Amino acid sequence: MPSELSRPIGIFDSGVGGLTVLKALRERLPAEALVYLGDTARLPYGTKSAATVSHYAVQAARALVATGIKALVVADNTSSAHALETLRAEFPGLPVIGVIEPGATAAGHASARGRIVVIATESTVEAGIYPHAVLNSRPGARVTQRACPLFVAMVEEGMTDGPIAEMVARHYLDPLFAQAPEGEAGDCLLLGCTHFPALMPLLRRVVGNGVAIVDSATTTARAVDALLEHRGLARPPLCAGGVRYLATDAPDRFARVAAEFVPWHIGAGEVELIDLG
Ligand code: DGL
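Going by my numbering, the sequence shown opens with residue 131, and the numbers climb by one from there.
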């Protein structure tokens, strides 16, 4: 196999949430080698300024580029919102794929009446990229954004359901769904943060069965697949894939919280500690 193809795909997130994207990539591209970097020392990105997020994203990408990656997946919505163009300029020739456009396209297709609610971190909401991306895929849609910062902390605490989690979810979402004025409720909930898929059963209960819930993991994996094929970078199907895990702090915590996101076991010993300094 030409060495260009055998190189890994790099994926980064501020923490473990991007493992939802890694999982979708493993399912879709089992022959590919993947390197996942969680910047756990500096999580959350979602409360930080655009400049800081871009700076962190470039540092994370540099560490992955140093491992010899053939493509970069920005599995962090906040970095995708603020840093995609900076990353493309910084690493010319390296395919860089974010999660916002794939998620927005999926929501545009899944929404019955074009009433789309995007939930995300504060920083992603402030960037205003999601409404723009959704309108590109679904002109005329009504897009409402809601920052849900407590959801990130809840998932990090392993509090993905139960009375407190439900109270928080209802606080954020009931005004846009169950208690929305007649005819105004959303018909599609777009999870614009990598942590939120871990709350899926709770979110389903809170918004009800009639609402489409969309996350960007599957659609991002499809976009990566198409891009590798297009650039002639895909590995032959029968290759053995694999995952290498990198974190900037607390590998044991990474491994523990990862259990909320992927069905396979990640041992703390499998997570390499790196410094992005
Ligand atoms: N990974 C972030 C995102 O998708 C959520 C966690 C954070 O705030 O760093 O926006």
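Quick reminder that beta carbons are idealized off the backbone N, C-alpha and C, glycines included. Note that the structure is predicted; figures quoted are calculated from it, not measured.
| query | result |
| --- | --- |
| Which whole runs of the alpha helix (DSSP H) in the stretch 143 to 228 are 4 residues long or more, in chain order? | 149 to 158, 180 to 195 and 207 to 220 |
| Following a CB-centred definition, is Tyr375 positioned closer than 7 angstroms to any heavy atom of the ligand DGL? | no |
| Just checking, does the stretch 179 to 188 make contact with the stretch 252 to 261 on the three C-beta pairs under 8 angstroms criterion? | yes |
| If you draw a straight line from the alpha carbon of Leu235 to that of Ala342, how long is it in whole angstroms? | Position check: residue 235 holds Thr in this sequence, whereas Leu was assumed. Near 13 angstroms, if we compare the C-alpha coordinates of Ala342 and Thr235. |
| Pick out whichever of Cys318, Pro261 and Leu149 has its Cα sitting closest to the Cα of His239. | Cys318 |
| Is Cys323 near the ligand DGL, with its Cβ less than 7 angstroms from a heavy atom? | yes |
| Judging by CA-CA distance, which residue of Ala190, Val165, Glu134 and Ser136 is the nearest neighbour of Thr378? | Ala190 |
| Three-state secondary structure (DSSP) at Val344? | strand |
| Cβ of Thr274 within 8 angstroms of Cβ of Val247? | yes |
| Ignore the nearest five residues each way along the sequence and tell me which others in Val298's own chain have a CB closer than 6 angstroms to its CB. | Leu280 |
| Are the stretch 151 to 164 and the stretch 333 to 352 touching by the rule of at least three beta carbon pairs closer than 8 angstroms? | yes |
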